[in-house]
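**Student:** What follows is a structure written as structure tokens; I'll ask about it next.
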Amino acid sequence: MTSTETLSSRTVGAGDRRRWFALAIVMTAAFMDLVDVTIVNIAIPSIQRDAGASFSQIQWITAGYALAFAAGLVTGGRLGDIHGRKRLFLIGIGGFTLASALCGFAANPEMLVASRILQGAMAAMMVPQVLSIVHATFPAHERGKVFGLFGAIVGLGAVSGPLLGALLTEWNLFGLQWRPIFLINLPVGVAAYLLGRRFITESKAPRALRLDLVGVALVTLGLLMLLYPLTRGRELGWPLWGYASMAGALVVFGALVAYEKRKSARDGSPLVELSLFRVKSFAAGIAVQTVFGVGLGIFFLVWTLYMQVGLGWSALRAGLTGVPFSIAVSTAAGMSVQKLVPRFGRKVLQAGALVMAVGVLLYMAEAHRYGPSIASWQMALPLVVMGVGMGLIVAPLTDAILSEVPREHSGSASGLINTVQQMGNALGLGLVSVVFFGEIGDRLTPAQVGPAFVHAFQHALGWVAAVMLVIFLLMFALPKRPAQHAEGGAEDGAAERADSGAGNGASDQTQPADGAQPVGAAR
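The sequence shown begins at 0 in numbering that gives the first Met the number 0 and counts up by one.
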């Protein structure tokens, strides 16, 4: 693959089907990542039995992926800006597929842990390019529809991961036990790589940038110092060094900000584009995204523990119980961006936070009313209400955050969006030990497990409801209406063409205009 992308002599209108093929490819990659984050948790008991993994190794099979993913997201986004988003996407999905194969054929737990870390690092190269490619490929007036589809994918990935993991583990295909949860990525990844080479148009920052290696080191160090203690803290008994590490992470982030300011003034190639935080929609959206990640981090873990440990349900039953939630998220996400946000703007996101809070409170009431004897159908109503609320938030939030971001920084912005969500999730997972396990006694008889988990689940849901109310208040800082809905499509397209033309004009820096999408030569 060459470093340049030659455009065909013709350009095509906004209806060009190649862009939609490209969208399907990058959405498939995003779905693979979302599923891979959750699919492993269901198969942990099978991995422990078959591979003989220790408890510490089991922790690292899940935590290693999360740490490598979070630590590399900002760098992955910036590398896409510099070297081309298509190129980094293909490197990421190729590496992710290879790492999945290594996971599936791992000969021992140590190899599985190392392969999972590699898989997380490759996901960090791949995932930021998804939003960047959308941002650079689609006209501003079409992005709302696209982000609606993205929200639907998020909803499907949130629940289909555990369900798919349960099915693949219980089926024990070819006697491979847990291994198909990784091997299923191989045909999907290979197809996405080959089709991505053909249909995705290359784009990069119009002005030549260089990778900020000091910035990479500081971001990686700061995130690891923050996320490692949160990920392993409960298992290790919350040691003093963990608190010291998290406090030290704040110092590292402070040093990063100071360095990036000097770097920006010196050569204009910082890793973290601090000017993005002067964009009101971006700064406010990042705050909302972080707190939203905290709420989701708490809910999804305690929900799984409540059903599989507290209620004693099988992984398959737990996965099927979440189907109404997934359908509600997907449906509401599509409607919110395509129909509701253009008409009502920010109020849609705020309504989503309140609806989700109502769903959480309904779930609390149902769990209290039926106790350990609760049935799946009795959870359906609160899950649907929660799913509608989440769907009203996830797609428009991404749209609002990126709506006013300059194209040349879309990779950096996308990396930051994903990074703060991962940080929020990690903070939520850390809080689980306080809001959930803190309500459960150390030594429970089998008869006490169900009632104790039901009580702890209700307590944790109270925290989730409170987080939703905080998000509702933070959303007042978002613009009343995202830029692409406030402005006419033609005007926006002209503005972005002017912005595109402001680049240095190097032949290898393709910056597609909104009004007419160039098509890269198929390879």
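By construction, the Cβ of each residue, glycine as well, lies at the ideal position given by its N, Cα and C atoms.
In three-state DSSP terms, what is residue 195?
**Tutor:** Here residue 195 refers to the residue found at position 196 when the sequence shown is read from its first residue. Three-state DSSP puts residue 195 in a helix.
**Student:** Can you say whether residue 205 is buried or exposed, counting buried as having 16 or more other CB atoms within 10 angstroms of its CB?
**Tutor:** For the purposes of this step, residue 205 is identified with residue 206 of the sequence shown, where counting begins at 1. Residue 205 is buried by the Cβ-count criterion.
**Student:** Taking the C-alpha atoms as reference points, what is the distance between residue 80 and residue 266?
**Tutor:** Counting from one through the sequence shown, the residue named residue 80 turns up at place 81. Counting from one through the sequence shown, the residue named residue 266 turns up at place 267. Looking at the two C-alpha atoms, the distance is approximately 16 Å.
**Student:** Excluding the 5 residues preceding and the 5 following residue 479 in the sequence, name in chain order all residues of the same chain whose CB lies nearer than 7 Å to its CB.
**Tutor:** As a working mapping, residue 479 is identified with position 480 in the sequence shown. Hits under 7 Å: 344, 345.
**Student:** Do residue 347 and residue 395 come within 9 Å of each other at the CB atom, strictly closer than that value?
**Tutor:** To locate residue 395, count along the sequence shown from 1; it is residue 396. To locate residue 347, count along the sequence shown from 1; it is residue 348. In contact: residue 395 and residue 347 (Cβ atoms closer than 9 Å).
**Student:** What residue from 424, 402, 422 has the CA that sits closest to residue 477's CA?
**Tutor:** Taking the first residue of the sequence shown as 1, we reach residue 477 at position 478. Among 424, 402, 422, the Cα nearest to that of residue 477 is on 402.
**Student:** Quick one: using the 10 Å Cβ neighbour count with 16 as the cut-off for buried, is residue 349 buried or exposed?
**Tutor:** Numbered from its first residue, the sequence shown carries residue 349 at position 350. Buried.
**Student:** Looking at the structure shown, is residue 170 part of a helix, part of a strand, or coil, going by DSSP?
**Tutor:** Residue mapping note: residue 170 aligns to position 171 of the sequence shown, counting from 1. Helix, per DSSP.
**Student:** Please go through the same chain and pick out, in chain order, the residues whose beta-carbon is closer than 7 Å to the beta-carbon of residue 42, but skip the five residues on each side of it.
**Tutor:** Residue mapping note: residue 42 aligns to position 43 of the sequence shown, counting from 1. Correct list, in chain order: 164, 168, 177, 180.
**Student:** For residue 417, which option in 124, 356, 303 has the closest C-alpha, if you only look at C-alpha atoms?
**Tutor:** Along the sequence shown, one-based indexing puts residue 417 at 418. Distances from the alpha-carbon of residue 417 to those of 124, 356, 303 put 124 closest.
**Student:** Who are the Cβ neighbours of residue 323 in its own chain at under 6 Å, not counting the five residues just before and after it?
**Tutor:** Walking along the sequence shown from the start, residue 323 turns up at place 324. Excluding residues within five positions, the ones whose Cβ falls inside 6 Å are 379, 382, 383.
**Student:** How would you label residue 32, buried or exposed, when you count the other beta carbons within 10 angstroms and need 16 or more for buried?
**Tutor:** Position 33 of the sequence shown, counted from the start, is the residue given in the question as residue 32. Residue 32 comes out buried.
**Student:** Leaving out five residues before and five after residue 467 in sequence, what residues of the same chain have Cβ atoms less than 8 Å from its Cβ?
**Tutor:** If you number the sequence shown from 1, residue 467 lands on position 468. Answer for residue 467: 294, 352, 353, 355, 356, 359, 388, listed in chain order.
**Student:** Nearest-angstrom Cα distance between residue 209 and residue 129?
**Tutor:** Residue 209 sits at position 210 when you count from the first residue of the sequence shown. Residue 129 sits at position 130 when you count from the first residue of the sequence shown. Residue 209 and residue 129: Cα-Cα distance of roughly 21 Å.
**Student:** Counting pairs of Cβ atoms below 8 Å between the region 295-309 and the region 451-459, do you hit three or more?
**Tutor:** yes
**Student:** For residue 17, which three-state DSSP category applies?
**Tutor:** Sequence index remark: in the sequence shown, residue 17 carries index 18 (1-based). The three-state reading of DSSP puts residue 17 in helix, counting H, G and I together.
**Student:** Got a sec? Which residues, its chain only, sit under 7 Å from residue 361 by beta carbon, not counting five neighbours each side?
**Tutor:** Numbered from its first residue, the sequence shown carries residue 361 at position 362. The answer, listed in chain order, is 380, 381, 384.
**Student:** Out of 141, 284, 83, 106, which has the shortest C-alpha to C-alpha gap to residue 471?
**Tutor:** Walking along the sequence shown from the start, residue 471 turns up at place 472. Per the Cα distances, 284.
**Student:** Would you please state the rounded distance, in angstroms, between the beta carbons of residue 386 and residue 328? I believe it to be under 8 Å.
**Tutor:** For the purposes of this step, residue 386 is identified with residue 387 of the sequence shown, where counting begins at 1. For the purposes of this step, residue 328 is identified with residue 329 of the sequence shown, where counting begins at 1. About 4 Å separates the Cβ atoms of residue 386 and residue 328, confirming a contact at the 8 Å cut-off.
**Student:** Secondary structure at residue 203, three-state DSSP: helix, strand or coil?
**Tutor:** As a first step, residue 203 is located in the sequence shown; it is residue number 204 there, counting from the start. DSSP places residue 203 outside both helix and strand once states are collapsed to three, so it counts as coil.
**Student:** Whole-angstrom Cβ separation of residue 255 and residue 278, contact assumed at under 8 Å?
**Tutor:** The residue labelled residue 255 in the question sits at position 256 within the sequence shown. The residue labelled residue 278 in the question sits at position 279 within the sequence shown. Actually they are not in contact, since the Cβ atoms of residue 255 and residue 278 sit about 19 Å apart, beyond 8 Å.
**Student:** Out of 232, 214, 288, which one is the CA nearest neighbour of residue 262?
**Tutor:** Residue numbering aside, residue 262 sits at position 263 when the sequence shown is read from its first letter. Nearest C-alpha to residue 262: 214.
**Student:** Closer than 7 Å by C-beta to residue 159: which residues in its own chain qualify, once you throw out the five before and the five after it? Chain order, please.
**Tutor:** In the sequence shown, residue 159 corresponds to position 160, counting from 1. The beta carbon of residue 159 lies closer than 7 Å to those of 34, 325 in the same chain, with the five residues before and after it left out.
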